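Engineer:
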Amino acid sequence: MARQQHEHIVKSFDEQLKSVNQQIARMGGLAESQLASAVEALVKRDSDLAGRVVNADTGLDNLEHDVEEAVVRILALRQPVATDLRDIIAAFKIASDTERIGDYAVNVAKRALALNQMPPVQPVYTVPRMARLVQSIVKDTFDAYVERDAEKAIDVWHRDEEVDEMYTSLFRELLTYMMEDPRSITPGTHLLFIAKNIERIGDHATNIAETVHYLVTGEYIEGGRPKGDTSSYAVMEPPRPDEDGNGGDDE
Amino acid sequence: MAELQATAAATEIPEATGASPDAGSDQPAKIAARNVNVFYGTNQALKDIDLDLGGNEVTALIGPSGCGKSTFLRCLNRMNDVIDICRVTGRITLDGEDIYDPRLDVVQLRARVGMVFQKPNPFPKSIYDNIAYGPRIHGVANNKEELEEIVVTSLQRAGLWNEVKDRLNVPGTGLSGGQQQRLCIARAIAVSPEVILMDEPCSALDPIATAKIEELIDELRGNYTIVIVTHNMQQAARVSQRTAFFHLGEMVEADETEAIFTNPKDERTLGYITGRYG
Amino acid sequence: MSEMAQTAEEATVRRPDLSNARLRKRYAAERRFRLYGLLAVLAAVGMLAVLLGSIVLNGYSAFLQTHIALDVHMDETVIMAEGDTPEAMADANYRALVFKAIERRFPSVRDMGEQRELHRLVSGGAPRAIKDMVLDNPALVGTTQTVWVKADDEIDMLHKGYVDRTLPENRRLVNDRTLGWYDSLREADLIELQFNTTFFTGTDSREPEQAGILGAAVGSFLTLFVTLLLSFPVAVLAAIYLEEFAPKNRLTDLIEVNINNLAAVPSIVFGLLGLAVIINFFGFPRSSPLVGGIVLALMTLPTIIISARSALKAVPPSVREAALGIGASRIQTVTHHVLPLALPGVLTGTIIGMAQALGETAPLLMVGMVAFVVAVPSGFTDASTVLPVQIFLWSDSPERAFVEKTSAAIMVLLAFLITMNAVAVFLRKRFERRW
Chain A
-3 MARQQHEHIV KSFDEQLKSV NQQIARMGGL AESQLASAVE ALVKRDSDLA GRVVNADTGL
57 DNLEHDVEEA VVRILALRQP VATDLRDIIA AFKIASDTER IGDYAVNVAK RALALNQMPP
117 VQPVYTVPRM ARLVQSIVKD TFDAYVERDA EKAIDVWHRD EEVDEMYTSL FRELLTYMME
177 DPRSITPGTH LLFIAKNIER IGDHATNIAE TVHYLVTGEY IEGGRPKGDT SSYAVMEPPR
237 PDEDGNGGDD E
Chain B
8 MAELQATAAA TEIPEATGAS PDAGSDQPAK IAARNVNVFY GTNQALKDID LDLGGNEVTA
68 LIGPSGCGKS TFLRCLNRMN DVIDICRVTG RITLDGEDIY DPRLDVVQLR ARVGMVFQKP
128 NPFPKSIYDN IAYGPRIHGV ANNKEELEEI VVTSLQRAGL WNEVKDRLNV PGTGLSGGQQ
188 QRLCIARAIA VSPEVILMDE PCSALDPIAT AKIEELIDEL RGNYTIVIVT HNMQQAARVS
248 QRTAFFHLGE MVEADETEAI FTNPKDERTL GYITGRYG
Chain C
6 MSEMAQTAEE ATVRRPDLSN ARLRKRYAAE RRFRLYGLLA VLAAVGMLAV LLGSIVLNGY
66 SAFLQTHIAL DVHMDETVIM AEGDTPEAMA DANYRALVFK AIERRFPSVR DMGEQRELHR
126 LVSGGAPRAI KDMVLDNPAL VGTTQTVWVK ADDEIDMLHK GYVDRTLPEN RRLVNDRTLG
186 WYDSLREADL IELQFNTTFF TGTDSREPEQ AGILGAAVGS FLTLFVTLLL SFPVAVLAAI
246 YLEEFAPKNR LTDLIEVNIN NLAAVPSIVF GLLGLAVIIN FFGFPRSSPL VGGIVLALMT
306 LPTIIISARS ALKAVPPSVR EAALGIGASR IQTVTHHVLP LALPGVLTGT IIGMAQALGE
366 TAPLLMVGMV AFVVAVPSGF TDASTVLPVQ IFLWSDSPER AFVEKTSAAI MVLLAFLITM
426 NAVAVFLRKR FERRW
C-alpha cells in the first residue's frame, strides 16, 4: 500500500522525518510492553513488576516530548505539505495517544499493586483476556503505522467493538459479583477501573488507527466509529430480599 | 475529449462554459482551455491542456521551470502572438468566446485580460501617466475628471494611494520594487479587466512586499478572475483557491488548492510539492 | 554519485598558496598591466595633441590679416567722372585712388616697374573696399581718409614672419625693394595685424587674403540639410520596421546583412553612383548641394539604420510587454513607449552619421562639388562646395598663405564636428532614462 516515495532533495529533511517515525515506533513498542507488563503484574500478583511499570512511564513521557519538539521544529523550518505534512501531523497525534496509552498502563499497574494486598477475586481472569485483545490491537495499530497500511488500520479500528462488548459484559459481571458479596466491592471496583483503563487504551489505539488511515490515504475513515461499549446505559438492580437469584441479566 | 471538441467547434454554442470535466466549482468557468497545444518552432511546449479557470477565484499554476505554466498563462491573453515561431492549437474560450478566433481583436482581448509581469515594469513615466495610459488608449474616460477618478480608485484598490498620493508626478520607476509591482497591478486594473494574469508577480520582491501583494490579490479576488503563476508553493497555497500543476508541458493535476497541498492524487505533483526527486 | 563523494572525501585537502611571493607577483602583474594601459592612453592623447597642435600652430594666424594704413584722397574727379548717380559712382576707377595713395606714401618711387611693384603692396581687393566705403557714405567724396586696407598675401606672410630675410634675394618670396618699403611702413606704424573677418564672410578666391570659408560653410549646411531630411526619416522608419515588425526570416536576414555591407562600402562608390544615376540619368544639377546631399544621404543611411536598430534593441522587452499587456497595439507600443526610449540613441547615431557626412570629401568630388565657386550658394541647386572639399582645394594651392588658411579651415571643420558630437552627448544625457 505504501507508495514508493522518492527521497527528498534536501537529505536532512528525510533524516528528520525518519527519526520522528522511529521515535513513534519506539513509543509504540514501549507502550505495548508497558501494557503487557501491567497485565502480567495483575495476573501474577507481581508487585515488583507493577512498580517497574510505574517507573518506566517517564521514558514514554520523554519520548513524547522529543517527538513534539521535532514536530514543531519541522513545521517551523520545513513547511511540509502533502504526505510530509500528514506524516508530521500523524506523528504528533499518535505520540499524544501513545502517551495516554502509557498512562493507562501505569494506572493498571497501580491498581494491580492495590489488588495484590487483597485476596484474588474471580473476574480477575476475564480481565487478561480483554487485555490480550487490546494488546493485539495496539500491536497491529503500530504495525499498520510502520507499514503504512490503511487496510490494516481499518481492520484494527473495527476490532475495537469487540473490546467494548467485552468490557460491557465484564462490567455487568463485576456488578453482580459485588452485589453478591460486599467484601468484594473494593477489589471489584479496582478491577472495574482496570477494565475501564484497558478499554480506554483500546479507544486510543482506535484513534491511532484512524490517524494512520489519514496518514496513508489523506482521507478520514468513512462512517461513525463502532461502539460496543453500552456500559454507560447498564442498570443493575440489587437483589431483592425475597429473591435469591442475581437478576443480573435483565435490563 | 476529441469528440467534445468537435461538437464545440461545430456548434457556436460553447459547451466549454457548461459543466466541465474538472471544474471544482458549480459556476461556469470564466476561461476554458481545451486541447491546447503550443509549439515553439518544432518544439512542443504544451501538450493537450484541458483546464477550467473559475470566475472570481484565484487559480495558481505551479510546476518546475520550463514546464509550460508561463506559456499557458501567455496563451490566455495571446501574448505569445508576439513570438514569430510560436503556434497555438486547440481552443481557449473567455465567457464562451474563442479568443483565437481571427475575428477577435487582440487589443480588445488584452483590455479584458490584463497582465502583471514577473519583473515590475512600470513605464518610465509619472505614476499618474502609468495608470492613465490604459484608460487613455482604450477610451475609458470621457474627460479629465473621469480619468483622474480612475487613477485614484485604481491606486486605492492596489493599496498604493496613501503611499504615492503626494507624488503622482514622480516617475513610476523611482518607487521601490514592491510599490512598482503594485503600480503595475493598479495599471492593469485601471482598464477594468475581467481577468488578471500574473506571471510570478512576487519573485523579485522581499517577504513584506510579497505579503502586501498577496493581500491585494485576495482583495481583488471578489471582482476579478485571477490566474497566478508562481514558483513559490507556499504562495500558491496562501493565495489561490484552485491549483494546477504543470510538468513537462502537461497539466498533471488541477484541484482545490487544499486538496493539492494535503493529498495530491498524482505522484509527480506529490514529488514536486514535497521537494523530492521526481 | 557515491563514487564521486568517496573520491572527494579521499582527496587530500589542498590549501591555496598564501605566500608573499605569489602576492608580490600578482601585484607586479597588475601594476604592469596598468602601466601599459596608461602608456597606450598617453600615446593616443599625444598623437592627438600633436595633430591638433600642428593644425592650431599652422592655422591660428589665418584669423589675423595684415592691414596697411593709406591716406586715400576721395578725388571727386575720379569718382564722379561719369556722373553722381550711385551706378556711375560704382563704375568709377577706385584702383587709381588706391595706387595714388600708395605712390603718395612713397614719392621717391618714380620708375614704372617699381611703381607696379609698389602697387602690389596692397591687396587686389583694396579698391573694392574703398568703393564700398564711398557708396555707403557719399559724403566722403572730396575728403582724404586714412583707410586700413588689406596687405597683399606676400606682405602678410612677411609681416607674420614666414619670410626668411637671411635668404638671398632670388630665393626669397619678397625682393629687397619691397622689404625696404615694408620696413619704412613698419617704422611709421602704418602696418598692423587686424582680425580677418573676410575669412568668415568671404568665399573662395585666388587671392589668399580675400579667400573665406562662408561659401563652403553654407554649401556644407545646405548639403547636410538635404542629407538629414532624406536619411533620418527613411533610416528610422526602416529601423523600426526591421526591428519591431518584420518577421524574422531569410529575406530580413538578407536585408540585414546587406545593410551592414552597405555601411562598409567605400564612400567614393556612392559618389560614382550619384554621378551615374542622379546627375547623368535624372539630370540633377551638377555641383549642387541637392545632389551632394542625396549622395551623402545614401552613404549615411546604413549608419543611422544600424545605430537606430541597436538603440531600439536596447529598449528592454519588459517595456514592450507592459504596453502590449495593457492592450496597446503594436504601433502604439512603438510610438508611445519604445521609440521615445530609443530616441537618444537614434539621435546620437544620426548626429554621428551627420558628422561623418560633414567630413566626407570623396563622393562629393565625383558629383562635381570640387568646383571653384566664388558665390555663396543661395539654394539647393546652386553650384557650391563644402568645407572638406574647400580644405582639399586650398591645400592644393601654390600660394604660401593658403597653408595657414587650410589649417584654419580644418579648425573650423573640427569645431563643427565637436559641436555636433557635443550635441549628441547632450541629447543622450538629457533624454536618457533609466528603467
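The listed protein sequences derive, respectively, from chains A, B and C.
Here the first sequence is numbered in our numbering, starting from -3 and rising by one per residue.
Here the second sequence is numbered in our numbering, starting from 8 and rising by one per residue.
Here the third sequence is numbered in our numbering, starting from 6 and rising by one per residue.
Cβ coordinates follow ideal geometry from the N, Cα and C atoms, glycine included.
From a predicted model like this one, the values you see are computed outputs, not experimental measurements.
#1: Can you say whether P28 (chain B) is buried or exposed, counting buried as having 16 or more other CB atoms within 10 angstroms of its CB?
#2: Of the choices B:G48, B:A52, B:K37 and B:I203, whose alpha-carbon is the least far from that of H254 (chain B)?
#3: Going by alpha carbons, who is nearest to Y163 (chain A) out of A:V6, A:F9, A:A149 and A:I197?
#4: Measuring alpha carbon to alpha carbon, tell me which of A:A105, A:L109 and A:T185 ends up nearest A52 (chain A).
#5: According to DSSP, is F377 (chain C) helix, strand or coil?
#6: For chain B, is any of its Cβ atoms less than 9 Å away from the one on Q75 (chain A)?
#7: With distances taken between CB atoms, is the gap from A156 (chain C) to T71 (chain C) smaller than 9 Å?
#8: Would you verify that the beta carbon of Q248 (chain B) is, or is not, closer than 9 Å to some beta carbon of chain A?
#9: Can a CB atom of chain A be found closer than 9 Å to the CB of Q242 (chain B)?
#10: Which bits of chain B does E326 (chain C) rub up against, with CB to CB less than 9 Å?
#11: Find the residues of chain B that neighbour K434 (chain C), judging by a C-beta separation of less than 7 Å, and give them in chain order.
#12: Starting from the beta carbon of A333 (chain C), find every residue of chain B whose beta carbon is closer than 7 Å, and list them in chain order.
#13: Helix, strand or coil: which one does DSSP assign to Y443 (chain C)?
#14: Output, in chain order, the set of chain C residues within a Cβ distance shorter than 9 Å of A118 (chain B).
#15: Buried or exposed for M371 (chain C), going by 16 or more other Cβ atoms inside 10 Å?
#16: In whole angstroms, give me the CA-to-CA distance for A67 (chain B) and T305 (chain C).
#17: Taking only three categories from DSSP, how would you classify Y216 (chain A)?
#18: Evaluate T96 (chain B) with the Cβ neighbour count: other Cβ atoms within 10 Å of its Cβ, from every protein chain shown; 16 or more gives buried, anything less gives exposed.
#19: According to DSSP, simplified to helix, strand and coil, what is P35 (chain B)?
#20: Hey, is E283 (chain B)'s beta-carbon within less than 9 Å of any beta-carbon in chain A?
#21: Mind checking who K155 (chain C) pairs with in its DSSP beta bridge?
#22: Taking only runs that begin and end inside the region 94 to 166 of chain C, name each unbroken beta strand (DSSP E) of 3 or more residues, in chain order.
#23: I84 (chain A): buried (16+ other C-beta within 10 angstroms of its C-beta) or exposed?
#24: Can you tell me which of the three DSSP states T281 (chain B) falls into?
#25: Does the region 94 to 112 of chain C come close enough to the region 166 to 181 of chain C to have 3 or more Cβ pairs within less than 8 Å?
#26: Return yes when the Cβ of L219 (chain C) is within less than 9 Å of the Cβ of F442 (chain C), no when it is not.
#27: Closest Cβ-Cβ distance between C82 (chain B) and chain C: below 9 Å?
#28: List the DSSP bridge partners of P178 (chain B).
#29: Answer yes or no: does any C-beta atom of chain B fall closer than 9 Å to that of A86 (chain A)?
#30: Between G64 (chain C) and E409 (chain C), which are expected to be in contact by the criterion C-beta below 8 Å, what is the C-beta distance as a whole number of angstroms?
#31: When the cut-off is 9 Å and only beta carbons count, does T66 (chain B) lie next to chain A?
#32: Assign P349 (chain C) to one of two classes, buried (16 or more other C-beta atoms within 10 Å of its C-beta) or exposed (fewer than that).
#33: With a CB to CB cut of under 6 Å and the five nearest residues on each side skipped, what residues in its chain are close to P307 (chain C)?
#34: Note down, in chain order, each residue of its chain lying with its Cβ closer than 6 Å to the Cβ of L109 (chain A), except the 5 sequence neighbours on either side.
#35: Spatial neighbours of V134 (chain A) within its chain, please: CB distance less than 6 Å, with the 5 preceding and 5 following residues excluded, ordered by chain position.
#36: Considering only DSSP beta bridges, list what A327 (chain C) is partnered with.
Structural biologist: Considering the structure as presented:
#1: As a working mapping, residue 28 (chain B) is identified with position 21 in the second sequence. Low per-residue confidence applies at P28 (chain B): pLDDT is 43, beneath 50, and the placement is therefore not dependable enough to give any value.
#2: Here residue 254 (chain B) corresponds to residue number 247 of the second sequence, with the count starting at 1. It is B:A52 whose Cα lies nearest to the Cα of H254 (chain B).
#3: In the first sequence, residue 163 (chain A) corresponds to position 167, counting from 1. Measuring from the Cα of Y163 (chain A), the nearest candidate turns out to be A:I197.
#4: One-based indexing of the first sequence puts residue 52 (chain A) at position 56. Residue A:A105 holds the alpha-carbon nearest to the alpha-carbon of A52 (chain A) among A:A105, A:L109 and A:T185.
#5: Looking up residue 377 (chain C) in the third sequence gives position 372. F377 (chain C): coil per DSSP, three-state reduction.
#6: Indexing the first sequence from 1 puts residue 75 (chain A) at position 79. Using a CB distance cut-off of 9 Å, Q75 (chain A) counts as an interface residue toward chain B.
#7: Here the question's residue 156 (chain C) lines up with position 151 in the third sequence. Here the question's residue 71 (chain C) lines up with position 66 in the third sequence. T71 (chain C) is positioned such that its CB atom lies closer than 9 Å to that of A156 (chain C).
#8: For the purposes of this step, residue 248 (chain B) is taken as residue 241 along the second sequence, with counting starting at 1. Not closer than 9 Å to any Cβ of chain A, the Cβ of Q248 (chain B) fails to qualify, so no.
#9: Stepping through the second sequence from its first residue, residue 242 (chain B) is reached at position 235. So, not an interface residue.
#10: Taking the third sequence and counting its residues from 1, the one referred to as residue 326 (chain C) is at position 321. Residues of chain B passing the Cβ test: M86, V89, M122, F124 and N128.
#11: For the purposes of this step, residue 434 (chain C) is identified with residue 429 of the third sequence, where counting begins at 1. Per Cβ cutoff of 7 Å: no residues; K434 (chain C) is ~15 Å from chain B at best.
#12: Here the question's residue 333 (chain C) lines up with position 328 in the third sequence. In chain order: I144.
#13: Examination of residue 443 (chain C) is not possible in this model, given that chain C is present from 6 through 440 alone.
#14: For the purposes of this step, residue 118 (chain B) is taken as the residue at position 111 of the second sequence. Within chain C, the residues near A118 (chain B) are I331 and G332.
#15: Position 366 of the third sequence, counted from the start, is the residue given in the question as residue 371 (chain C). Residue environment: M371 (chain C) is assigned as buried (16 or more neighbouring CB atoms within 10 Å of its CB, all protein chains considered).
#16: Numbered from 1 along the second sequence, position 60 holds the residue referred to as residue 67 (chain B). Numbered from 1 along the third sequence, position 300 holds the residue referred to as residue 305 (chain C). The straight-line gap from Cα to Cα measures roughly 53 Å.
#17: Numbered from its first residue, the first sequence carries residue 216 (chain A) at position 220. In the three-state DSSP reduction, Y216 (chain A) falls in the coil class, being neither helix nor strand.
#18: As a working note, residue 96 (chain B) is residue 89 in the second sequence. Exposed, since its Cβ has fewer than 16 Cβ neighbours within 10 Å.
#19: Within the second sequence, residue 35 (chain B) is the residue found at index 28, counting from 1. It is coil, neither helix nor strand.
#20: Taking the first residue of the second sequence as 1, we reach residue 283 (chain B) at position 276. Note that residue 283 (chain B) is Arg in the sequence shown here, rather than Glu. Chain A, which has a Cβ nearer than 9 Å to the Cβ of R283 (chain B), makes this yes.
#21: Within the third sequence, residue 155 (chain C) is the residue found at index 150, counting from 1. For K155 (chain C), DSSP records a beta bridge to C:H72.
#22: Within the region 94 to 166 of chain C, the complete beta strand (DSSP E) segments at least 3 residues long are 149 to 155, listed from N- to C-terminus.
#23: Here residue 84 (chain A) corresponds to residue number 88 of the first sequence, with the count starting at 1. Burial call: buried.
#24: In the second sequence, the residue the question calls residue 281 (chain B) occupies position 274. Residue state for T281 (chain B) is assigned as helix, using DSSP reduced to three classes.
#25: Counting Cβ pairs under 8 Å, fewer than three are found: no touch.
#26: The structure shown does not extend to residue 442 (chain C), since chain C spans only 6 to 440, so no value can be given for it.
#27: Looking up residue 82 (chain B) in the second sequence gives position 75. No - not a single Cβ of chain C is within 9 Å of the one on C82 (chain B).
#28: On the second sequence, position 171 is the one that residue 178 (chain B) refers to. P178 (chain B) pairs with B:S133.
#29: For the purposes of this step, residue 86 (chain A) is taken as the residue at position 90 of the first sequence. For A86 (chain A), the closest Cβ of chain B is not nearer than 9 Å.
#30: As a working mapping, residue 64 (chain C) is identified with position 59 in the third sequence. As a working mapping, residue 409 (chain C) is identified with position 404 in the third sequence. With a Cβ gap of about 6 Å, G64 (chain C) and E409 (chain C) count as contacting.
#31: Locating residue 66 (chain B) in the second sequence gives position 59, where the first residue counts as 1. Cβ-Cβ to chain A under 9 Å: no for T66 (chain B).
#32: Here residue 349 (chain C) refers to the residue found at position 344 of the third sequence. The Cβ neighbour count for P349 (chain C), taken over all protein chains shown within 10 Å, is at least 16; the residue is labelled buried.
#33: Position 302 of the third sequence, counted from the first residue, corresponds to residue 307 (chain C). These residues qualify, in order along the chain: I264, L267 and A268.
#34: Counting from one through the first sequence, the residue named residue 109 (chain A) turns up at place 113. Only S43 and A46 meet the Cβ criterion.
#35: Translated into the one-based positions of the first sequence, residue 134 (chain A) becomes position 138. Around V134 (chain A): E28 and A201.
#36: Along the third sequence, read from residue 1 onward, the residue named residue 327 (chain C) stands at position 322. Under DSSP, A327 (chain C) takes part in no beta bridge, so it has no partner.
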